[in-house]
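Report on one structure; see the data block that follows.
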Amino acid sequence: MRWVLASDHAAVDMRQALAVWLKDHGAVVTDLGPQTADSVDYPDKANELAAVILSHQADFGVLLCGTGIGVSIRANRYPGIRAALVHDTNTAHLARAHNNANVLCMGGRVLDIPTAIACLETFYTTDFEGGRHARRVEKLDKKPE
């Protein structure tokens, strides 16, 4: 699996820990940074990550900011991106199983790193169930009329 990660300055340590976990579990990882805690704007990082996924250079993404809210709002402006704000393993599971989410969003000021890793592991290992959920996901991907 190919993954792309990006964060703002509020979640550099968390993003780096998640990148290590992914690599340790066989994923090919593209890390869009930043590498320092110098201030960066989370919408810019969400734009970069969406471009990588939409150009088929990665299958899944992880976006982090202070709360995860801003990056999820921005990422979901792109058709084909289904970004899910996750706070625990249950929401991580449902994001994949029911919503076929392809971007995991979390907050570096909301979750500790072990919880974020547990959420990533759940997201990573959960498949989309399809079935009745497929019809709904198709509607998510359609442009509103």
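Quick note on our numbering: the sequence shown kicks off at 37 and runs consecutively.
All C-beta atoms, glycine included, are put in the ideal place defined by N, C-alpha and C.
{"Check": "Keeping to the same chain, check which residues put their C-beta closer than 8 angstroms to that of Glu165; ignore five residues upstream and five downstream.", "Outcome": "Ala133, His134"}
{"Check": "Jot down the residue ranges of each uninterrupted alpha helix (DSSP H) in the region 56 to 110, minimum 4 residues, whole runs only, in chain order.", "Outcome": "78 to 90"}
{"Check": "Quick one: residues in its chain with C-beta nearer than 6 angstroms to the C-beta of Ala86, no 5 flanking neighbours on either side, listed in chain order?", "Outcome": "Ala111, Tyr114, Ile117"}
{"Check": "Could you compute how far the alpha carbon of Lys175 sits from the alpha carbon of Phe159?", "Outcome": "22 angstroms"}
{"Check": "Among His61, Asp74, Arg38, which residue has its Cα nearest to the Cα of Ala46?", "Outcome": "Asp74"}
{"Check": "Have a look at Leu147 and Thr125 and give me their C-alpha separation to the nearest angstrom.", "Outcome": "12 angstroms"}
{"Check": "Name the two residues that bound the continuous alpha helix (DSSP H) containing Val173.", "Outcome": "168 to 177"}
{"Check": "Starting from the Cα of Asn136, find the closest Cα among Cys101, Asp77, Asp95 and give me that residue.", "Outcome": "Asp95"}
{"Check": "Are the C-beta atoms of Tyr114 and some chain B residue less than 8 angstroms apart?", "Outcome": "The question asks about chain B, but that chain is absent: this structure has only one protein chain."}
{"Check": "Going by beta-carbon coordinates alone, are Val98 and Trp39 separated by less than 8 angstroms?", "Outcome": "yes"}
{"Check": "Please determine, among Asp163, Val107, Val64, Ala131, the residue with the shortest C-alpha to C-alpha distance to Lys81.", "Outcome": "Val107"}
{"Check": "Rounded to the nearest angstrom, what separates Ala119 and Gly104 at their Cα positions?", "Outcome": "10 angstroms"}
{"Check": "In angstroms, rounded to a whole number, what distance separates the CA positions of Pro79 and Gly167?", "Outcome": "33 angstroms"}
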